[in-house]
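2 protein chains.
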Amino acid sequence: MPLSKYAKEMDALKEHLAKHQLKFTRQRELILHAFLRQEHITAEAMYHQLAKTDPHLGLATIYRTLNLFCDAGIAQARHFGSQTQYDNVSHKGHHDHLICTGCGRIVEFENCEIEKLQEEVAARNGFSIQTHRLELYGLCTRCRH
Amino acid sequence: MPLSKYAKEMDALKEHLAKHQLKFTRQRELILHAFLRQEHITAEAMYHQLAKTDPHLGLATIYRTLNLFCDAGIAQARHFGSQTQYDNVSHKGHHDHLICTGCGRIVEFENCEIEKLQEEVAARNGFSIQTHRLELYGLCTRCRH
DNA sequence: TAGAATTTTGAGACGGCTTATCAATTTCAA
DNA sequence: TTGAAATTGATAAGCCGTCTCAAAATTCTA
Numbered sequence: 025m026p027l028s029k030y031a032k033e034m035d036a037l038k039e040h041l042a043k044h045q046l047k048f049t050r051q052r053e054l055i056l057h058a059f060l061r062q063e064h065i066t067a068e069a070m071y072h073q074l075a076k077t078d079p080h081l082g083l084a085t086i087y088r089t090l091n092l093f094c095d096a097g098i099a100q101a102r103h104f105g106s107q108t109q110y111d112n113v114s115h116k117g118h119h120d121h122l123i124c125t126g127c128g129r130i131v132e133f134e135n136c137e138i139e140k141l142q143e144e145v146a147a148r149n150g151f152s153i154q155t156h157r158l159e160l161y162g163l164c165t166r167c168r169h
Numbered sequence: 025m026p027l028s029k030y031a032k033e034m035d036a037l038k039e040h041l042a043k044h045q046l047k048f049t050r051q052r053e054l055i056l057h058a059f060l061r062q063e064h065i066t067a068e069a070m071y072h073q074l075a076k077t078d079p080h081l082g083l084a085t086i087y088r089t090l091n092l093f094c095d096a097g098i099a100q101a102r103h104f105g106s107q108t109q110y111d112n113v114s115h116k117g118h119h120d121h122l123i124c125t126g127c128g129r130i131v132e133f134e135n136c137e138i139e140k141l142q143e144e145v146a147a148r149n150g151f152s153i154q155t156h157r158l159e160l161y162g163l164c165t166r167c168r169h
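Just so you know, the protein sequences line up as chains R and U, in that order. First residue of the first sequence? That's 25 in the working numbering, and the numbers climb one at a time after it. First residue of the second sequence? That's 25 in the working numbering, and the numbers climb one at a time after it.
Here's what the structure looks like:
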């Protein structure tokens, strides 16, 4: 019985920390919990969100920690406009994105067939996939008119 | 008989200019030709490239013009890392990437079936795809051992 | 073709997002 | 508990892209 529903990610983080001689800190734990509650978030948004309960948490720490999560495979950075979105990898499962270049609207989708083909391509090249990123850019119905 | 192999894009640009009361300038023509020669490029890269022959071309002009091309449907901006890549829309030969998280090796691939499925997903959501980005992250044969 | 109206250009200032710096603090292995 | 090493927070610095504005170029009109 896990102590928390985020035990899996917590383990992944601790394993990464151990492997790189990094330390487990109050801030990292705090940010991890806040991060795992969302599907995706920007550093700035998380800063404001956490400021309510932890007003002394620095913005730089949030950036550093979210980038750490990316290294640990818990988060994935996605650049949109001038900002960076940090996606919760476990939350999104295997959701990919349709992004409207007109209005910025984002539609999530999932397609098993595509995933299967990805596996085939990877296998053919001797790779074992850990994660992937698929973004389709185009115009949505509204923006086409 | 077209005067240049870029006649189609030139027409698209001129049509857009006319429709918006914009002017056809030496710089716009210059940048269009330089742009169409590549599959994708950043403003900065184009700046350095053109500086050899036109040292007085301003970086701001390049940004403005590449954004103009986006409006005209000739180019398409894509955010990559902290930079903006301007993709040449007319280039169809799009390749995707397999990226080894162990050693950083990048293998390019192309898969028509995946592209077809992408089109289907987009259509189902009312999108018309302009471009896409597909990256598979994993371990290559060597790094798995 | 000349002249006027309008747009564009180039150079640098500016602003937003992210990373670097560094002294003080915290973690953790011994 | 102690001390080496990593982390933090505040802020400076950096980067990328846009804005500003006077001068130049383009287009329109006659």
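For each residue, glycine too, the CB sits at the ideal point set by N, CA and C.
Any non-hydrogen atom of the ligand MG closer than 8 Å to residue i Cβ
{"i": "Glu33 of chain U", "result": "Absence of the ligand MG from the depicted structure is noted, as is the absence of any ligand whatsoever, leaving it without description."}
Where residue i falls: helix, strand or coil (DSSP)
{"i": "Asn91 of chain U", "result": "helix"}
{"i": "Cys136 of chain U", "result": "helix"}
{"i": "His121 of chain U", "result": "strand"}
{"i": "Ala69 of chain R", "result": "helix"}
{"i": "Ala96 of chain R", "result": "coil"}
{"i": "Gln51 of chain U", "result": "helix"}
{"i": "Val131 of chain U", "result": "strand"}
{"i": "Glu109 of chain U", "result": "Here the sequence assigns Gln to residue 109 of chain U, which means Glu is not the residue at that position. The answer is strand: DSSP assigns Gln109 of chain U an E or B state."}
{"i": "Arg61 of chain U", "result": "coil"}
{"i": "Ser152 of chain U", "result": "strand"}
{"i": "Leu160 of chain U", "result": "strand"}
{"i": "His169 of chain U", "result": "coil"}
{"i": "His103 of chain U", "result": "strand"}
{"i": "Met25 of chain U", "result": "Note that Met25 of chain U scores 46 on pLDDT, short of 50, meaning its location in the model is unreliable and no value can be drawn from it."}
{"i": "Gln45 of chain R", "result": "coil"}
{"i": "Asp78 of chain R", "result": "coil"}
{"i": "His40 of chain U", "result": "helix"}
{"i": "Ser114 of chain U", "result": "coil"}
C-alpha gap between residue i and residue j, whole angstroms
{"i": "Lys103 of chain R", "j": "Cys94 of chain R", "result": "The sequence given here has His at residue 103 of chain R, not Lys. In a straight line, the C-alpha of His103 of chain R is about 13 Å away from that of Cys94 of chain R."}
{"i": "Leu46 of chain U", "j": "Thr77 of chain U", "result": "25 Å"}
{"i": "Thr165 of chain R", "j": "Gly150 of chain U", "result": "5 Å"}
{"i": "Ala31 of chain U", "j": "Ala67 of chain U", "result": "23 Å"}
{"i": "Ile138 of chain U", "j": "Ile138 of chain R", "result": "6 Å"}
{"i": "Cys127 of chain R", "j": "Ser106 of chain R", "result": "14 Å"}
{"i": "His119 of chain U", "j": "Arg129 of chain U", "result": "15 Å"}
{"i": "Leu60 of chain U", "j": "Asn112 of chain U", "result": "7 Å"}
{"i": "Met25 of chain R", "j": "Ala58 of chain R", "result": "Only weak support is given to the placement of Met25 of chain R: the predicted model assigns it a pLDDT of 48, under 50, and the value that follows is read from those uncertain coordinates. The straight-line gap from Cα to Cα measures roughly 22 Å."}
{"i": "Lys43 of chain U", "j": "Gly97 of chain U", "result": "13 Å"}
{"i": "His72 of chain U", "j": "Thr108 of chain U", "result": "16 Å"}
{"i": "Gln62 of chain R", "j": "Arg148 of chain U", "result": "27 Å"}
{"i": "Thr85 of chain U", "j": "Ile123 of chain R", "result": "27 Å"}
{"i": "Lys29 of chain R", "j": "Cys136 of chain R", "result": "26 Å"}
{"i": "His169 of chain U", "j": "Phe48 of chain R", "result": "29 Å"}
{"i": "Val131 of chain U", "j": "His64 of chain U", "result": "18 Å"}
{"i": "Cys167 of chain U", "j": "Cys167 of chain R", "result": "45 Å"}
{"i": "Leu81 of chain U", "j": "Met70 of chain U", "result": "10 Å"}
{"i": "Pro79 of chain R", "j": "Thr125 of chain R", "result": "36 Å"}
C-beta contact flag for residue i and residue j at 9 Å
{"i": "Tyr110 of chain R", "j": "Ala99 of chain R", "result": "yes"}
{"i": "Arg50 of chain U", "j": "Leu41 of chain U", "result": "no"}
{"i": "Ile55 of chain R", "j": "Leu74 of chain R", "result": "yes"}
{"i": "Leu90 of chain U", "j": "Ala101 of chain U", "result": "yes"}
{"i": "His115 of chain R", "j": "Phe133 of chain R", "result": "no"}
* Asked: Can we say the segment 139–155 of chain R touches the segment 29–36 of chain U, given the rule of at least three CB pairs closer than 8 Å?
  -> no
* Is the segment 154–166 of chain R touching the segment 152–168 of chain U, taking contact as three or more C-beta pairs under 8 Å? -> yes
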